[in-house]
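Chains as they are written, first to last, in the numbering used here: chain A, 106 to 466; chain B, 106 to 466. The next block holds one structure in the form of structure tokens; read it before the comments.
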Ligand SMILES: NC(=O)c1ccc[n+]([C@@H]2O[C@H](COP(=O)([O-])OP(=O)(O)OC[C@H]3O[C@@H](n4cnc5c(N)ncnc54)[C@H](O)[C@@H]3O)[C@@H](O)[C@H]2O)c1
Ligand SMILES: NC(=O)c1ccc[n+]([C@@H]2O[C@H](COP(=O)([O-])OP(=O)(O)OC[C@H]3O[C@@H](n4cnc5c(N)ncnc54)[C@H](O)[C@@H]3O)[C@@H](O)[C@H]2O)c1
Ligand SMILES: [Zn+2]
Ligand SMILES: [Zn+2]
């Protein structure tokens, strides 16, 4: 087992990473917990609910399961309320502990429920998708969607522990693995050039879920995310670099309708666009943009952005919440392994978007 | 104008108190605010909306009004969502500032909306009821109700400023004034004996809204609440003393159906019960319990608890969230001006409740 320590003003906590962590969940339940609520969905609950609860039972605490409908479409207030209904009808108090057992949707919703239930109870993240293991479970961002925008309602709220069982990835569809790997290579691109190189060398092993490769990728991703988050818990500066490829990616996701492309797929493609923009604005060498594209392809994500039409691309990117005060800002790469957030000239952006429009459908 | 400074780990901010503060609201809007959303209800909006917006216009910012239906019955998710709808459909970003213009219901809802919108935007409290001026606007507790419990969903989230215009109390029904005064005398009882004495001497002036008396009472209440809150922002210990009379009070409110008695009325009566319990458990002199009763009466609150029946009293008090881990704990008064939280013998509690049952209906 590996442990990564996260230090933020909002809380210090360990991330435990390794095969079989699901069976050790009781380690993360504090002595003074009055009860445990396992928040999961129908899919993950069927696969891992009993095992998780069996492991938690070793804590000797009362255990309640709250099973939500599956999918991003349910990341809304109605579903969040099902958590509150469950907690309140079982009379869980402020010393109860919530356990988020699932992907990023469950982690984000359970985290926000923990932040808000009685103004804050403790929770443990048990991420079961690769994306959740390397990204959403670390850093304390929680949220639900609103009909007028994704992740618009939430809180910065840290878990008391993150338990990552790399074995559970075996049941994950391979498309989800590829999408998660896009966030993995993102860390190399923005902050750790040697890790980017390592990902190039291990792309095939990662897709095949080679245990050593996956363990290393998850650990290094958590370390890098923890590093960024510890310096900027509330996203006032540095943390923005984690959004590499995301302004383009969000436009793809919402332009095609959420769920058409997976988030990680859109981010993978968006990172190629961000690299192209970096070439135009900061002179990132063509050889480097080619490497980004090749690695996104190697991990199994699409590399050709959809043709949304120039105006629609622009419209979609304007509503992205990173447009504080009106100016469109992007995470750019001065070099592989380095990131910088800055405004870009309009014509450079249009040139990159034209590549999307010009491509074969 | 008086200024009280609040210092908590979650934020430092001023409380400005004085007649006419409504016309100075622009003082509290930071330079970098991108827009202002005034969150109010139909009653307060009609009375003070235009004046507040006129004053805020001096900041030069775009101003949006979000007017909610009036009343505790609307302190729920549906109404909270109206705030998010308004913010999102007007595309307010993370640098917008919310202004809570109203009583405790508006303050609690707007505060929770500010805590959650895009994971946190700034907000200013402009409390317009006495209860909100001396209690709910200070300390950072925000919440909405759930069908299974009051204030069950919320956040600890501090405003960037509190603006208290004591003039607006002129339009408040006198029953609301009395209810607010119950929380005022609470501060004297738990922590400031001279202030309790002062309230006795000024009860009539306070009820008549004598400007000097009201100013002093509001300022001293804010100071005392700020003192308690600064030592215990997240209610892990000391802050519990602010709940003097509240375990009884909540039982009255929910036993009779919310809205039958005002919260402050129930708390006023509950403080008498807490004093009686203190006499039995800690030997608080009878002369002191008599003074508590006399002052609650003098400010215009009921002094006779409703006859809910012993068993129902006990049931209602069990669900109060101060029963962490099962034991019923009360805020007791070893002397006037001193408070202590502790478990009480069952028979002492029954004896106090019997007084409620025995009384004429
Ligand atoms: N909080 C953050 O910092 C952050 C960061 C990135 C993404 N997110 C959020 O994360 C969400 C996406 O997360 P996701 O990609 O994990 O999606 P998801 O939670 O919807 O999971 C994807 C699918 O895989 C299923 N699944 C989960 N674990 C499984 C397993 N071990 N075996 C088989 N199936 C399994 C799920 O039930 C679901 O159907 C989005 O809502 C996004 O906004 C949050
Ligand atoms: N956050 C906290 O620490 C805290 C503390 C105590 C109470 N509370 C909450 O506060 C709420 C009660 O607050 P409240 O007593 O202010 O009730 P309220 O907000 O419902 O106001 C009472 C009534 O007075 C009206 N009103 C407000 N200002 C007025 C004015 N100047 N002139 C005429 N009418 C006016 C309101 O529209 C309402 O009809 C409860 O929801 C309670 O849970 C919160
Ligand atoms: Zn992402
Ligand atoms: Zn109160």
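Built from N, CA and C at the ideal position, the CB exists for glycine as well. All values reported here derive from a predicted model rather than from experimental measurement.
Any chain A beta carbon closer than 8 Å to residue i
i: residue 331(B); result: no
i: residue 222(B); result: yes
i: residue 225(B); result: yes
i: residue 115(B); result: no
i: residue 118(B); result: no
Interface flag, residue i vs chain B, CB-CB below 8 Å
i: residue 255(A); result: no
i: residue 435(A); result: no
i: residue 189(A); result: yes
Contact belief for residue i with residue j at Cβ below 8 Å, rounded distance in angstroms
i: residue 268(A); j: residue 130(A); result: 6 Å
i: residue 205(B); j: residue 231(B); result: 6 Å
i: residue 197(B); j: residue 140(B); result: 5 Å
i: residue 328(B); j: residue 109(B); result: 5 Å
i: residue 338(A); j: residue 113(A); result: 4 Å
i: residue 226(A); j: residue 202(A); result: 7 Å
i: residue 79(A); j: residue 107(A); result: Examination of residue 79(A) is not possible in this model, given that chain A is present from 106 through 466 alone.
i: residue 180(B); j: residue 214(B); result: 6 Å
i: residue 408(A); j: residue 374(A); result: 6 Å
i: residue 319(B); j: residue 332(B); result: Incorrect: roughly 20 Å between the Cβ atoms, too far for contact.
i: residue 380(A); j: residue 393(A); result: 7 Å
i: residue 256(A); j: residue 182(B); result: Incorrect: roughly 18 Å between the Cβ atoms, too far for contact.
i: residue 334(B); j: residue 344(B); result: 6 Å
i: residue 411(A); j: residue 454(A); result: Residue 411(A) to residue 454(A), Cβ: 17 Å. No contact.
i: residue 284(A); j: residue 389(A); result: Residue 284(A) to residue 389(A), Cβ: 24 Å. No contact.
Neighbouring residues, chain A, relative to residue i (Cβ below 8 Å)
i: residue 182(B); result: 182, 186
Listed by chain order, chain A residues near residue i by CB distance under 7 Å
i: residue 194(B); result: 253
i: residue 300(B); result: By Cβ distance, chain A contributes nothing, its closest Cβ being about 28 Å from residue 300(B), past 7 Å.
Cross-chain neighbours of residue i in chain B, by beta carbon under 8 Å
i: residue 246(A); result: 224
i: residue 260(A); result: 220, 221, 224, 225, 260
Residue-level contact to chain C via CB, residue i, 8 Å cutoff
i: residue 215(A); result: Among the protein chains of the structure shown, namely A and B, there is no chain C.
Within 6 Å of ligand 4: residues by beta-carbon to any heavy atom: 240(B), 288(B), 351(B), 368(B), 372(B)
Contiguous alpha helix (DSSP H) assignments of at least 4 residues, all confined to the segment 244 to 286 of chain A: With a minimum length of 4 residues, no continuous alpha helix (DSSP H) run stays inside the segment 244 to 286 of chain A.
Report the residue ranges of all alpha helix (DSSP H) runs contained in full by the segment 364 to 427 of chain B; include only those spanning at least 4 residues, in chain order. 368 to 387, 391 to 403, 415 to 423
Runs of beta strand (DSSP E) lying entirely within the segment 144 to 174 of chain A, each at least 3 residues, in chain order: 168 to 173
Counting only runs of 4+ residues fully inside the segment 195 to 248 of chain B, write out the alpha helix (DSSP H) ranges in chain order. Runs of the alpha helix (DSSP H) inside the segment 195 to 248 of chain B: 209 to 221.
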